[in-house]
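Here UniProt numbering is used: the first residue of the sequence shown is 1, the next is one more, and so on.
Quick reminder that beta carbons are idealized off the backbone N, C-alpha and C, glycines included.
Just so we're clear, the structure is a prediction, and the values are computed from it rather than from any experiment.
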Amino acid sequence: MGKEKKKYRSGQATSFITRGAAIRKLQLNLVDFRRLCILKGIYPVQPSDMKKAGRGNKQPKTYFRTKDIQFLSHEPIIWKFRAYKTYKKKLRKAIDKREKGRISQLVRDAPRYKLDHIVKE
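Next up, the structure:
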C-alpha cells in the first residue's frame with residue numbers, strides 16, 4: 001500500500017494561490033504587485049470549486065494560478081522595484097537633512113529600469 005495523500009497537497013488547492021499569499025511569496029507591496037501583473041499580462045482567475053481552491057474556505061477571494069506566480073518570481077524587474085524603493089528612502093533622508101550635494105548625486109544616479117525584455121515577450 002502506498003502512502004495516504006495529505007489534505008490540500010494536490011489538485012485545486014495547489015493550483016491556485018490567493019493574492020495575499022502571492023504578495024508575501026514575491027515580497028512586494030500591493031502597488032508593485034499590481035504593476036508587475038499588468039506589465040506581464042497576468043490576470044486573476046476564478047477557480048471552478050472555491051472551497052477546494054480556498055482549502056476549505058468558501059469566502060470570495062482573488063486567486064492567481066500558482067504557475068503564474070512562480071513565473072513572476074524569476075522576473076528581474078522585481079529587483080529594480082526594490083532598488084527604486086531604497087533610492088526613494090535615501091532621497092527622502094537626504095532632503096530631510098538638507099544635504100544638497102547628496103541630493104544632486106542621488107538625482108543624477110537615479111535607478112532606471114528598462115522594459116525591453118517584457119516588450120520582446
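Bridge-paired residues (DSSP) for residue i
i: residue 16; result: 65
i: residue 31; result: Looking at the DSSP assignment, residue 31 forms no beta bridge with any residue, so it has no partner.
i: residue 45; result: 63
Beta-carbon spacing of residue i, residue j below 8 Å
i: residue 51; j: residue 40; result: no
i: residue 110; j: residue 102; result: no
i: residue 33; j: residue 65; result: no
i: residue 36; j: residue 30; result: no
i: residue 8; j: residue 82; result: no
i: residue 47; j: residue 53; result: yes
Neighbour-count burial assignment, residue i, 16 or more Cβ in a 10 Å radius
i: residue 43; result: exposed
i: residue 113; result: exposed
i: residue 38; result: exposed
i: residue 106; result: buried
Run of the alpha helix (DSSP H) containing residue i, from where it starts to where it stops
i: residue 59; result: That residue, residue 59, is in no alpha helix (DSSP H); it is neither H nor E in DSSP.
i: residue 105; result: 100 to 108
i: residue 50; result: 50 to 53
Neighbourhood of residue i by C-beta, 7 Å cutoff - its chain only, sequence neighbours within 5 removed
i: residue 80; result: 111 and 113
Cβ neighbours of residue i in the same chain (closer than 8 Å, five flanking residues each side left out)
i: residue 25; result: 17, 69 and 73
Neighbourhood of residue i by C-beta distance below 6 Å, restricted to the same chain and skipping five residues each side
i: residue 19; result: 62
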